[in-house]
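This is the structure:
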């Protein structure tokens, strides 16, 4: 994410905290803004392929809907990467990339 923001010249919109702020409401309090102004980046394991979802901090992600919208069988495994090891494994061994599209 940070590389994309830097490449786009948007470094003024990037904040790196000294201490963890694990939730959008905590990040909003720290920055003095509304929770909806926070963007959550969630990395899921979608049948072995990484799936990045950017969502408003004010919303929750419905993984069954995401699976259906992206053409996965809704019984498919679309789970949040639980920890950094899951995340690294998902991104390092990524099979084929999927086309990005907006899901509402």
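Numbering (this note's numbering), first residue to last: 32 to 135. Yeah, the Cβ is synthetic: ideal placement off N, Cα and C, and Gly gets one too.
Element boundaries [beta strand (DSSP E), containing residue i]
| i | result |
| --- | --- |
| residue 83 | 80–87 |
| residue 77 | 70–77 |
Closest Cα partner of residue i within the set the options
| i | options | result |
| --- | --- | --- |
| residue 75 | 87, 57 and 94 | 94 |
| residue 66 | 34, 49, 91 and 101 | 91 |
| residue 98 | 77, 37, 71 and 53 | 77 |
| residue 88 | 61, 80 and 56 | 56 |
Buried or exposed by the 16-neighbour rule on C-beta atoms within 10 Å, applied to residue i
| i | result |
| --- | --- |
| residue 39 | exposed |
| residue 35 | exposed |
| residue 51 | exposed |
| residue 37 | exposed |
| residue 47 | exposed |
Residue span of the alpha helix (DSSP H) that contains residue i, given as start and end
| i | result |
| --- | --- |
| residue 62 | 55–62 |
| residue 96 | 94–100 |
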